[in-house]
Amino acid sequence: MQGMRIPRESPAGWLIEAPAKLNVYLDVLPRRPDGFHGIRTLLCPVRLSDTLCLRPDNALRGEVRLTIRSHHRSIDASQVPTDDRNLVTRALRGVWAARRLEAGCHVTIEKRIPSQAGLGGGSSDAAAAIVAANHLWDLRLTPEEALSVAAAVGSDVPGQLSGTANLCEGRGEQVTPAPIPAGVPCVIAKPAAGLSTAEVFSRCTPGEADGGSVTKLLAALRHGRWQKLPSLVSNQLQAAAMELCDELRMLAAAFHQFPFVAHQMTGSGAAYFGVCRSHQQALQAVAWLRARQAAWAVATCTA
Ligand code: ATP
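Each residue of the sequence shown is one higher than the last, beginning at 1 in full-length UniProt numbering.
Now the structure itself:
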């Protein structure tokens, strides 16, 4: 796990950021023998993060005591599970099991990433917990061990371990670093409704895409050919999500009317993002979207 972010010490405990991700590209491939769809996706972290605060307490003997907080009106912390369904609990237990460790931890999560948005908030929290646990208990996990614990927690977790942009294939566990420049301004917005990942996948017709398009997108990003982005960004779950959510269709219409460099839905929705020419344009876009279908909108940039 060399080169990964490390948690920083504070009077309250060890702090680590868990950034939201955007799917700049997402192919859904046919179902595999294990029942999961194959995917090919380009994940890009952005400067919008949950913060985890961890206080190791081995006397808890395998238990994770979670507190969820949010100071944001649009995020309902009471909707995030604090029991074994929380991906952070599963991630910490997975790490401890990998090293046959009987440990315990108090974790407070300050939520800023909306749920059911396709922004990977829960998965990013889990990835951050794996990175933090590796450091706090000095476990020296190899990259392969960390990826294997992450993959057992969820398909989006391996691609979020590094906190950098990655191309993820297979079920999400085959991770290749992708060169997406940091600091590219963008806007993310979400309608009031959320979408269930399982429901969106069940309505999607998988393609047989060969990966040629994502290679072209990666080349355009590497060489800064922004004018090519509109024809290269793609999300194969978008049509299915639009069928399920009228508000998302209306939000997408508002994005179409604004001069973004490129725009599309992220993950299984219901958040939608636009790439902007400047931070100033991103701020204008937030106001534009809030006055239309967006229940939540932020100006941010790639991390
Ligand atoms: P996906 O990873 O499928 O794109 P998402 O970005 O749409 O998910 P998440 O924030 O990951 O949304 O939450 C999806 C569900 O996962 C929530 O409704 C919640 O019940 C559960 N969940 C588990 N752990 C967490 C967590 N740490 N933070 C938020 N939700 C969590």
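Ideal Cβ positions, reconstructed from N, Cα and C, are used throughout, including at glycine.
Query: Going by the CB atoms, is the gap between cysteine 168 and glycine 154 shorter than 8 angstroms?; Result: no
Query: Among the candidates Ser74, Arg65, Gln238, His71, whose CA atom is the shortest distance from the CA of threonine 82?; Result: Arg65
Query: Can you tell me where the beta strand (DSSP E) with alanine 189 in it begins and where it stops?; Result: 185-190
Query: Would you list the one or two residues that DSSP bridges to glutamine 227?; Result: DSSP output for glutamine 227 lists no bridge partner at all.
Query: Find the nearest neighbour of threonine 302 within the set Arg277, Trp296, Pro143, Glu144, judged by alpha-carbon distance.; Result: Arg277
Query: Would you say asparagine 86 touches the ligand ATP, meaning its beta carbon is less than 7 angstroms from a heavy atom?; Result: yes
Query: Excluding sequence positions up to five away, which residues of its chain have a Cβ less than 8 angstroms from the Cβ of glycine 212?; Result: none
Query: Quick one: give me the first and last residue of the beta strand (DSSP E) that alanine 262 is part of.; Result: 262-265
Query: In this structure, does DSSP put proline 143 in helix, strand or coil?; Result: helix
Query: Is it buried or exposed for glutamine 2, if we count other Cβ within 10 angstroms and need 16 for buried?; Result: In this prediction, glutamine 2 scores a pLDDT of 45, lower than 50, which makes its location untrustworthy; no coordinate-derived value is stated.
Query: Taking Cβ positions, are leucine 42 and alanine 240 nearer each other than 8 angstroms?; Result: no
Query: For alanine 117, is the beta carbon positioned less than 7 angstroms from some heavy atom of the ligand GTP?; Result: Here the bound small molecules are the ligand ATP; the ligand GTP is not part of this structure.
Query: Which term fits methionine 250, buried or exposed, when burial requires 16 or more other beta carbons within 10 angstroms of its beta carbon?; Result: exposed
Query: Determine, using beta carbons only, whether alanine 303 comes closer than 8 angstroms to chain C.; Result: Among the chains of the structure shown, chain C does not appear; only one protein chain is present.
Query: Determine, using beta carbons only, whether alanine 146 and leucine 161 come nearer to each other than 8 angstroms.; Result: yes
Query: With a cut-off of 8 angstroms on the beta carbons, I'd call alanine 165 and valine 157 a contact; round off their distance for me.; Result: Wrong, their Cβ atoms sit about 16 angstroms apart, outside the cutoff.
Query: Keeping to the same chain, check which residues put their C-beta closer than 6 angstroms to that of histidine 279; ignore five residues upstream and five downstream.; Result: Pro185
Query: If distances are taken between C-alpha atoms only, which option among Arg203, Phe260, Pro181 comes closest to leucine 221?; Result: Pro181
Query: Taking contact to mean at least 3 C-beta pairs separated by less than 8 angstroms, is the stretch 11-23 in contact with the stretch 114-134?; Result: yes
Query: Residues in its own chain within less than 8 angstroms of valine 214 by CB, not counting five upstream and five downstream?; Result: Tyr25, Asp27, Arg40, Leu42, Leu167
Query: Under a three-way DSSP split, which group does valine 80 fall into?; Result: coil
Query: Shorter than 7 angstroms, the distance from the beta carbon of threonine 197 to the closest heavy atom of the ligand ATP, or not?; Result: yes
Query: Closer than 7 angstroms: is that where the CB of proline 81 sits relative to any heavy atom of the ligand ATP?; Result: yes
Query: Would a C-beta distance cut-off of 8 angstroms place valine 233 and leucine 248 closer than the cut-off?; Result: no
Query: Using a threshold of 8 angstroms, state whether the C-beta atoms of arginine 112 and aspartate 50 are closer than that.; Result: yes
Query: Assuming glutamate 110 is part of the beta strand (DSSP E), what are its boundary residues?; Result: 105-110
Query: Identify every residue that forms a DSSP beta bridge with leucine 52.; Result: Ile16, Ile109
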